[in-house]
């Protein structure tokens, strides 16, 4: 699984209410630099979903 696929999978876990495991969180912390914008975009979508756009 590519880093981008993993990021999207984690995002879907959060949106579905499952959440991510500590191992998933560690993998996200080691996201390659070239995928950090996608990680930030997904994190922003999660934040907006839970807190609304402010």
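In this note's numbering, the protein residues as written are 245 to 298.
All C-beta atoms in this analysis are idealised placements derived from N, C-alpha and C, irrespective of residue type, glycine included.
Does DSSP put residue i in a helix, in a strand, or in coil?
i	result
residue 274	coil
residue 264	coil
residue 252	helix
residue 297	coil
Do residue i and residue j have their C-beta atoms within less than 7 Å of each other?
i	j	result
residue 254	residue 268	yes
residue 279	residue 248	yes
Suppose the cutoff is 6 Å on Cβ atoms and the five residues either side in sequence are ignored; what does the same chain contact list for residue i look like?
i	result
residue 283	251 and 275
Leaving out five residues on either side along the sequence, give the residues of the same chain with a beta carbon under 8 Å from the beta carbon of residue i.
i	result
residue 264	254, 257, 258 and 272
residue 270	none
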